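Counting in the numbering used here, the final residue of the sequence shown is number 397, and the numbers go up one at a time with none missing.
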Amino acid sequence: MTTALCFDLDGTIVHYPEPYEAVVRETLEAHGIAFTSDLESVGEDAFRAAFNALEPDPYRQSMAAVVEAADADADPDAMVETLRRNEYAATTVPEAARLSLSGLADDADDRLAVVTNGVRDWQVGKLDHHGLTDLFDAVVASYEVGAHKPDSAPFDAVRERVPADEYVMVGDEYEADVEGARAAGFVPIHFEDGDDGPDLWATIDALL
């Protein structure tokens with residue numbers, strides 16, 4: 190029986206050991222803008238509003254809002270590229286996860302996919318950065334299907350792209366990854382926050 194093993198990206202495969210504030214601080218200061226918690230909130234609010242509404246370029250909207258709030262002479266597009274580099278550099282992939290995914294990818298009965306809420310090129314870039322892209326048969330990002338998890342659209346897209354007898358979803362967000370997957374007919378596995386060690390991935394190996 191062929192099984193499609195689907196994984197969330199942020200918080201499941203890719204982790205952020207340090208608070209995201211450090212990424213924002215480094216980005217702003219690289220473009221001559223003094224970091225403050227108020228500016229961080231401005232950028233986060235602008236991003237979240239654009240992201241939730243699936244508006245184009247949420248990262249640029251975030252940086253443009255910061256530039257305006259700071260009354261700074263900075264290029265939002267250049268800031269986005271700096272943010273991207275800093276964000277990728279701030280991420281890690283637990284070795285246990287890397288080994289588990291590599292082993293699963295070698296199994297002829299398994300198909301691997303990423304199902305992530307995000308902008309496709311930004312999310313695929315994280316996989317590229319960590320040398321993981323070739324392990325997956327498909328990457329589905331919510332922006333490309335017009336809806337974020339827990340909506341069924343990202344899960345439906347996996348079914349279209351990765352034929353299998355059974356679909357399993359592993360993710361850390363309970364509503365998006367567990368409830369959304371279950372409603373879509375997937376078998377959900379909840380990845381608890383902080384469970385990035387070998388025991389967790391050994392359990393996933395055993396279950397799958």
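Glycine is no exception: its CB is placed at the ideal position from the N, C-alpha and C atoms.
What you are looking at is a predicted structure, and each value in this text was computed from that prediction instead of being measured.
C-beta contact flag for residue i and residue j at 8 Å
{"i": "Thr305", "j": "Leu217", "result": "no"}
{"i": "Glu249", "j": "Val269", "result": "Residue identity check: residue 249 is Arg in the sequence provided, not Glu. A contact, by the Cβ cut-off of 8 Å."}
{"i": "Val351", "j": "Ala297", "result": "no"}
{"i": "Pro247", "j": "Ala254", "result": "no"}
{"i": "Gly360", "j": "Phe344", "result": "no"}
{"i": "Val367", "j": "Ala193", "result": "no"}
{"i": "Phe325", "j": "Tyr356", "result": "no"}
{"i": "Glu215", "j": "Asn275", "result": "yes"}
{"i": "Ser399", "j": "Ala261", "result": "Residue 399 lies beyond the stretch modelled for the chain, which goes from 190 to 397, so this question has no answer here."}
Continuous beta strand (DSSP E) stretch holding residue i: start and end
{"i": "Glu368", "result": "Counting along the chain, Glu368 falls outside any beta strand (DSSP E), and DSSP gives it neither H nor E."}
{"i": "Phe240", "result": "Looking at the DSSP string, Phe240 is not in any beta strand (DSSP E); the run it does join, the alpha helix (DSSP H), is Ser226 to Asn241."}
{"i": "Cys292", "result": "Residue identity differs from the one stated: residue 292 is Gly in this sequence, not Cys. Segment Glu284 to Ala294 is the alpha helix (DSSP H) holding Gly292; no beta strand (DSSP E) there."}
Cβ distance (whole Å) where residue i is taken to contact residue j below 8 Å
{"i": "Val282", "j": "Ile202", "result": "6 Å"}
{"i": "Ser341", "j": "Gly307", "result": "The pair is not a contact, with the Cβ atoms about 17 Å apart (cut-off 8 Å)."}
{"i": "Ala353", "j": "Thr191", "result": "5 Å"}
{"i": "Ala267", "j": "Gly221", "result": "That belief does not hold up - the Cβ atoms of Ala267 and Gly221 are roughly 11 Å apart, past 8 Å."}
Cβ neighbour criterion (16 or more within 10 Å) applied to residue i
{"i": "Asp310", "result": "exposed"}
{"i": "His208", "result": "Position check: residue 208 holds Pro in this sequence, whereas His was assumed. Exposed, by the Cβ-count rule."}
{"i": "Thr271", "result": "buried"}
{"i": "Arg300", "result": "buried"}
{"i": "Pro245", "result": "exposed"}
Boundaries (first-last residue) of the alpha helix (DSSP H) holding residue i
{"i": "Gly314", "result": "Arg309 to His318"}
{"i": "Asp181", "result": "Beyond the ends of the chain as shown, which are 190 and 397, falls residue 181; an answer cannot be given."}
{"i": "Pro265", "result": "Pro265 to Ala279"}
Selected residue, minimal CA-CA separation from residue i, among the options
{"i": "Gly320", "options": "Ser291, Gly335, Asp299 and Ala336", "result": "Ser291"}
{"i": "Val213", "options": "Lys315, Ala373 and Ala278", "result": "Ala278"}
{"i": "Arg287", "options": "Ala327, Asp299, Leu316 and Ala259", "result": "Leu316"}
{"i": "Leu228", "options": "Glu244, Gly221, Val256 and Arg273", "result": "Val256"}
{"i": "Ala258", "options": "Phe224, Glu284, Ala285 and Ser289", "result": "Phe224"}
{"i": "Glu284", "options": "Phe236, Pro245, His204 and Thr322", "result": "His204"}
{"i": "Glu362", "options": "Pro377, Ala373 and Glu349", "result": "Pro377"}
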